[in-house]
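Data block below; observations after.
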Amino acid sequence: MLIFGLLQSLYHGSSKRVKKFVDETIYSYSVLKISTPDHSCFLILVCFVFHYKYTCRNMKIRAAVLEQMGKPLPYSVSKPLTIQELDLEGPEEDEVLVKMWYVGLCHSDLSVINGSRPRPTPMVLGHEAMGQVLQIGPGVDNVSVGDLVSCIFVPGCGQCEGCRIGRPTTCIPGAEANKRGVLLCGKTHLFRTRAPEKQPVYHMGGTSGFATHAVLSKHSVIKVDPSMPPQYAALLGCGVITGVGAVTNSAKVTFGSTVAIVGLGGVGLCGLLGAKACGASLILAVDLEEQKLAKAKEFGATHTYRVQKKDSLSKTVENICQLIGPFHKGLDYAFEMAGNGPALQIAYGITKPGGTTVTIGLPDPAVDLNIQQVSITAEERTLIGSYLGSGVAVRDLPRYVELYKKGVLPLEKLVSGIIPLNQINEGFDMLEKGEVIRILVNLKDEN
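Numbering (UniProt numbering), first residue to last: 1 to 447.
Shown next, in the form of structure tokens:
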């Protein structure tokens with residue numbers, strides 16, 4: 001009976017594959033009536049080797065941990081992110097272990113740091129990431145050990161209605177997991193040991209890239225062409241798929257059409273590149289910062305407009321419509337890519353009757369929409385939301401890699417600098433001030 005007790009003890013916290021193995025072992029034991037000491041010892045040994053291989057993986061990692069949201073600027077002084085040693089468990093079934101190489105600093109991370117997007121803490125942020133697969137768990141069939149992968153922060157479960165109809169960005173289980181700070185399996189694999197027991201540390205976007213290593217769902221990783229420079233591959237899973245995808249997937253911008261991009265961060269500039277790739281005849285770039293408008297010109301904007309803080313929204317819309325001359329009634333497509341209410345109102349105001357306005361940014365949840373409802377009906381307007389570029393990552397990322405290789409998506413222009421993990425707070429200061437497009441954290445050589 002001892003062996004049955006040992007086998008049954010393996011059930012606690014085990015994967016489905018381990019449980020199936022134990023079931024089959026107990027069945028075989030009862031059928032074959034194995035009872036000799038030699039057989040029993042051998043069987044126990046096999047069970048413990050299997051159990052160790054699939055459920056006892058544990059490693060020490062280094063990560064930037066957010067302890068508390070809403071700390072004051074500058075972050076170089078308040079230090080919301082601290083480098084800590086954590087325990088990382090897994091990978092379990094349908095999961096992969098990734099050695100992180102490069103991770104981008106994004107405004108979505110910043111929105112958690114400043115508290116405008118509440119998330120459970122302590123948490124390891126970082127979702128715009130790439131790295132190399134070190135281990136795979138049972139059931140992983142889309143990547144292999146040694147593959148370079150880009151990470152996707154909306155892990156479509158593959159089973160819900162949204163996933164089944166080809167819209168994984170609407171995956172409810174994935175969204176719920178992200179809100180709770182856990183992986184698709186429903187739990188966290190990050191811990192730190194503090195007496196009397198280990199304390200969970202939460203995941204951001206199923207990724208938690210600001211760490212030397214991470215465990216992700218197989219649905220959160222996409223194999224990328226190893227010929228692509230890895231630092232640019234990191235941008236694919238957020239800035240590129242969100243900005244370019246909003247133009248190509250959500251709005252389906254047509255050749256010769258007129259386009260406005262309101263907000264020129266990393267996502268906005270990717271949207272501008274997408275509009276150029278679609279053959280837009282007029283591309284208007286709108287922002288508060290002169291240096292961003294200059295960058296937009298480099299990226300292919302035909303017109304630029306600097307928003308004046310002293311002007312009302314209606315005055316801003318009027319000025320823009322005068323600027324674009326023959327298109328004074330508005331543009332075919334306008335994209336809000338700034339993540340705030342006024343930017344969306346400007347984008348909507350400069351969209352022509354019959355045109356399409358797309359909102360991409362993630363504002364504070366308390367921000368309400370302030371748009372004249374009758375104009376949607378009387379002018380046959382279209383107002384749509386776009387999350388992660390309405391993308392299907394396994395389809396879209398290879399396309400974007402090819403566009404990069406052809407020179408259509410010059411992603412190298414997006415990278416303002418590369419920093420080590422211990423300078424991450426200073427990096428977010430630069431992002432918050434609008435001094436950079438994308439800062440990357442180099443984790444390739446960190447242990």
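We put the CB at the ideal spot given by N, CA and C, even for glycine.
Item	Value
Since I believe A260 is in contact with A214 (beta carbons under 8 Å), could you give me their beta-carbon distance rounded to a whole number of angstroms?	Not really, about 37 Å apart at Cβ, beyond 8 Å.
Candidates R167, I152, F210, K252: which alpha carbon is nearest Y102's?	F210
Helix, strand or coil, according to DSSP, for Q132 in the structure here?	strand
I need the DSSP call for Q199, collapsed to helix, strand or coil.	strand
Pick out whichever of G156, A129, C160 has its Cα sitting closest to the Cα of V149.	A129
What did DSSP end up calling Q84 once you bin it into helix, strand or coil?	strand
Would you tell me roughly how many angstroms separate the C-alpha atoms of E446 and L86, rounded to the nearest one?	14 Å
Flag this pair as yes or no: are the beta carbons of C151 and G266 separated by less than 8 Å?	no
Quick check on the DSSP output: what are the complete alpha helix (DSSP H) runs of length 4 or more inside the segment 296–345, in order along the chain?	313–323
Rounding to the nearest angstrom, what Cα-Cα distance links Y348 and R62 in this structure?	44 Å
Leaving out five residues before and five after V367 in sequence, what residues of the same chain have Cβ atoms less than 8 Å from its Cβ?	N340, G341
Go ahead and label D94 buried or exposed: buried means 16 or more other beta carbons lie within 10 angstroms of its beta carbon, across all protein chains shown.	buried
Are the Cβ atoms of L362 and V154 separated by less than 8 Å?	no
So within the segment 139–172, which uninterrupted alpha helix (DSSP H) runs reach at least 4 residues, ignoring any that extend past its ends?	161–164
From the DSSP output, in three-state form, read off Y102 for me.	strand
Identify every residue that forms a DSSP beta bridge with G385.	T359
Taking the C-alpha atoms as reference points, what is the distance between V96 and E176?	20 Å
In whole angstroms, give me the CA-to-CA distance for K315 and K309.	11 Å
Going along the chain, which residues of its own chain have a beta-carbon closer than 8 Å to the beta-carbon of A234, five neighbours each way excluded?	W101, Y102, V103, G104, E128, A129, M130, S150, L440
According to DSSP, S217 sits in a beta bridge with which residue or residues?	E95
Which whole-angstrom value is the C-beta distance of P120 and G181, which I expect to be below 8 Å?	4 Å
What does the Cβ neighbour count give for D332, buried or exposed, with the cut at 16 atoms within 10 Å?	buried
DSSP three-state call for A64: helix, strand or coil?	strand
Ignore the nearest five residues each way along the sequence and tell me which others in S78's own chain have a CB closer than 6 Å to its CB.	K71, P72
Give the single residue among K99, K413, F428, I360 whose Cα lies nearest to the Cα of N114.	F428
Cα separation between H328 and D141?	53 Å
Pull up the distance between the alpha-carbon of V392 and that of P168, whole angstroms please.	7 Å
Just how far apart, CA to CA, sit L269 and V262?	10 Å
Do V201 and V112 have their C-beta atoms within less than 8 Å of each other?	no
In the DSSP assignment, find the unbroken beta strand (DSSP E) run with G417 in it and report its ends.	415–419
Could you tell me if T242 is buried or exposed, where buried requires 16 or more neighbouring beta carbons within 10 angstroms of its beta carbon?	buried
Taking 8 Å as the threshold, find out whether the segment 248–256 comes into contact with the segment 273–283 through three or more Cβ pairs.	yes
Tell me where the alpha helix (DSSP H) around N425 begins and ends.	424–432
With a cut-off of 8 Å, does the C-beta of G427 fall near any C-beta of chain B?	Structure shown: chain B not included; a single protein chain is present.
Could you tell me if D364 is buried or exposed, where buried requires 16 or more neighbouring beta carbons within 10 angstroms of its beta carbon?	exposed
Our contact map puts G325 next to T359 with C-beta atoms below 8 Å; I'd like the distance itself, whole angstroms only.	At roughly 26 Å, the Cβ-Cβ gap does not stay under 8 Å, so G325 and T359 are not in contact.
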